[in-house]
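Participant:
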Amino acid sequence: MIVLGDVFYFEPWWVQIIKALVIFGVAFAILPILTIYERKLIGRFQGRYGPNRVGPFGLMQPLAEILKFATKEPFRPSTSVGFLYRIAPMIAIVTGIAALAIVPFGPVQHIFGRRVGIYGIDVSVGPLYAFAFAGISFYGIMLGGWASGSKYSFLGAMRGAAQLISYEVSQGLALVGVLISAQTLSLVGIVNAQKGMWYIVPQAAGFIIFLVASFAETNRAPFDLVEADAELVQGYFTEYGGTPFVAYLFAEYVNMIVVSGIAVTVFLGGWLLPGNPSIPGWIDPIIVIAKMMLFLTFFIWIRATLPRLRYDQLMSLGWKILLPLATLNLLVTAIVVAA
Amino acid sequence: MSGNQPDDAGRARMSEAESRARATPAGIVSEDVIEVIREPARGRAASTYRAFGETLRGLKTTFARIVEGPHTIQYPEEKTPVYPRFRGRHKLHRFETGDPAHPGLEKCVGCSLCAAACPADCIRVVAAENTPEHRISPGERYAAVYEINLSRCIFCGYCEVACPFDAITMGHDYELSDYTRSDLIFTKEMLLAEPIERTPLRTEDE
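Order-wise, the sequence lines are chains A and B.
Per our numbering, the first sequence starts with residue 220, numbered consecutively.
Per our numbering, the second sequence starts with residue 653, numbered consecutively.
1. Check each residue of the region 259 to 290 of chain A: if its Cβ is closer than 9 Å to any Cβ of chain C, include it; give the result in chain order.
2. What are the start and end residues of the alpha helix (DSSP H) that includes A:Val445?
3. Residue range of the beta strand (DSSP E) that B:Leu744 falls in?
4. Using a Cβ-Cβ distance cut-off of 9 Å, determine whether B:Gly695 contacts chain A.
5. Report the CB separation of A:Pro463 from A:Pro281 in whole angstroms; it is logged as a contact under 8 Å.
6. Express the C-alpha separation of A:Gly363 and A:Met377 in angstroms, rounding to a whole number.
7. Just how far apart, CA to CA, sit A:Arg333 and A:Ile340?
8. Please classify A:Gly301 as buried or exposed, where buried requires at least 16 neighbouring CB atoms within 10 angstroms.
9. Which residue wins for smallest C-alpha separation from A:Asn548, given the options A:Ile255, A:Arg527, A:Ile427, A:Tyr530?
10. Comparing C-alpha positions only, which one of A:Met416, A:Ser372, A:Val485 sits nearest to A:Gly391?
11. Spatial neighbours of A:Val477 within its chain, please: CB distance less than 6 Å, with the 5 preceding and 5 following residues excluded, ordered by chain position.
12. Measure the CB-CB distance between A:Pro504 and A:Phe247 and report whether it falls below 9 Å.
13. If you draw a straight line from the C-alpha of B:Ala753 to the C-alpha of A:Ala283, how long is it?
14. To the nearest angstrom, report how far apart B:Pro784 and B:Lys759 are at their CA atoms.
15. Is the region 762 to 778 of chain B touching the region 723 to 735 of chain B in the sense that three or more CB pairs, one from each, lie closer than 8 Å?
16. Measure from the alpha carbon of A:Ser176 to the alpha carbon of each residue in A:Val234, A:Leu550, A:Trp538, then state which is nearest.
17. Pull up the DSSP beta-bridge partners for B:Tyr794, would you.
18. List the DSSP bridge partners of A:Thr437.
19. Does the region 511 to 529 of chain A touch the region 349 to 361 of chain A, meaning 3 or more C-beta pairs lie closer than 8 Å?
20. Just how far apart, CA to CA, sit B:Gln657 and B:Ile689?
21. In whole angstroms, give me the CA-to-CA distance for B:Glu846 and B:Ile725.
22. What residue does the beta strand (DSSP E) around A:Gly336 start on, and which one ends it?
23. Where does A:Thr254 land, buried or exposed, given buried means 16+ other C-beta within 10 angstroms?
24. Excluding the 5 residues preceding and the 5 following A:Leu260 in the sequence, name in chain order all residues of the same chain whose CB lies nearer than 8 Å to its CB.
25. Mind checking B:Glu841: buried by the 16 CB within 10 Å criterion, or exposed?
26. Tell me where the alpha helix (DSSP H) around A:Ile310 begins and ends.
27. Relative to the C-alpha of A:Phe469, which candidate in A:Val234, A:Ile252, A:Pro231 has its C-alpha closest?
28. Looking at chain B, is there any beta carbon in it that lies within less than 9 Å of the beta carbon of A:Leu392?
29. Distance cutoff 9 Å, beta carbons only. Does A:Thr437 sit that close to anything in chain B?
30. Strictly below 9 Å CB to CB, what residues from chain A border B:Glu720?
31. Would a check of beta-carbon distances place B:Gly705 closer than 9 Å to chain A?
32. Let me know the secondary structure DSSP gives A:Ile498 once reduced to three states.
33. On the premise that A:Ala545 lies in contact with A:Ser389, defined as a C-beta separation below 8 Å, what is that separation, rounded to the nearest angstrom?
34. CB-CB under 8 Å to A:Met220, same chain, minus the five flanking residues each way: which ones, in chain order?
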């Protein structure tokens, strides 16, 4: 009996654990690199160097910062709700990492004579899995903002909830177009369906909608009203410091990685290259990561370019423009596929 | 439209048509009411298209900054060049002899005009008589004590203007920080000495 969806297991349990550890390790190795990459790149976009004092070319900056955060005194506001205040950052980061499990970095390959899929899990409900965890990650923001017992955090959390719910709809609908074309919900299956042509070409509108909605879903500029440094002093994590603060920060970056991973998988052909040249299997994850870096660079480029939207602009963009466009895109795709 | 026109005797009265012609084109309803001219409202599709185009233009602008390269001056290693007339830390001067072993006489004659001119009252001069055996300056007297409290100085340059012998001038040093306030009281020896590091000067075209 299938309860929620099939999970295509064929590896022994210990391979699963090793895969989980490797993906977790790679993700957490990428995070500090991503922070320094973002700060240096934004510096360049603004005509300056960015951090360049700690270590060669400032590359030790994330290390220094993590050290600083880790040695900070843990505190909590007297108005906060203790248990929820502690658990909220964990929810944020756990859901982010869990969603990373479905991003495929390569097809099933033979490693040491064993069939191993270069991905965490391949579920038959791939995008639903991602959206489910994105849904749970709201609790990280909501509980964190509410349990802090501060007006600013609460405002940030409320904004976050409204924004994430609004844009999740368009993001989901933008993906459905691809799912109809690929006739599968498995992300590995979607990549394999792109052997002929990447979905960015027939689903260009869907791709742009997905991209815009992803910026909003990850609370990145120009949709960072949840954090809004100037008005809300970091919004839902105003009252956090030390490692819980880092957890929120990393959760945001993990979400960026997940979203770019899904975008690469669904629209940019995952580990495929144009013309499908025969390449050794170990290059596949590198291709995926390179494509993800393209996305992340674009995220940073947008952050350096666009000013934050006003709240009514955010809502009207989400509901009046993106949602009708996504629905139209879905309808047209459905008609074309059926015809 | 034609209300509130000045109609005193000194000015020629304008005809109705003239005043309307003068009032309308610039959006000025009357002398103290201005009609705001707004651009025509766009439709949803047009404004979406425009927002998309402007976004692309913004992306191009920021990318051009990468191509241009950073403009940062890496401060402790690289100093901001100053203009020739920049007023930094003061310098006291000697007459040139060209021989470091026998430095020339001090230009300062201890007249205290700089201290009198100083609006921040940060200069202290105590003068003493020159004797033929102990000659410090060419004048009758010399500055036995010459102190500038740089934590009070406002770098106005009046001392430089007041000095009849060009003995004190404003130098180019701007790195004047210390751990205690008393370290910022510069004595005559410190003001006479050459600065340890030379501040770069701006070139003509900068």
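Using N, Cα and C, we set each Cβ at its ideal position, and we do this for glycine too.
All values derive from a computational prediction rather than experimental measurement.
Facilitator: On the basis of the supplied data:
1. This model lacks chain C altogether; the protein chains it does include are A and B.
2. Premise fails: A:Val445 is in no alpha helix (DSSP H) and is neither H nor E.
3. 742 to 744
4. B:Gly695 has a beta carbon lying at 9 Å or more from every beta carbon in chain A.
5. Incorrect: roughly 17 Å between the Cβ atoms, too far for contact.
6. 11 Å
7. 16 Å
8. Burial call: exposed.
9. A:Ile427
10. By alpha-carbon distance to A:Gly391, the top candidate from A:Met416, A:Ser372, A:Val485 is A:Val485.
11. Same-chain partners within the cutoff: Ala318, Leu319.
12. Taking 9 Å as the Cβ cut-off, A:Pro504 and A:Phe247 do not qualify as a contacting pair.
13. 51 Å
14. 17 Å
15. no
16. Residue 176 of chain A lies beyond the range of chain A shown here (220 to 558); nothing can be said about it.
17. B:Ala780
18. None, per the DSSP bridge assignment.
19. no
20. The pLDDT assigned to B:Gln657 is 47, lower than 50, so where the model puts this residue is not dependable; a value taken from the coordinates is nonetheless given after this. Their backbone Cα atoms lie some 22 Å apart in a straight line.
21. 25 Å
22. 333 to 336
23. buried
24. Gly269, Thr516, Ile519, Trp520, Ala523
25. exposed
26. 301 to 319
27. Nearest of A:Val234, A:Ile252, A:Pro231 to A:Phe469, Cα basis: A:Ile252.
28. no
29. no
30. Gly266
31. no
32. coil
33. 5 Å
34. Caution applies to A:Met220, whose pLDDT of 48 falls short of 50 and renders its modelled position unreliable; the value that the coordinates give is listed next. Same-chain partners within the cutoff: there are none.
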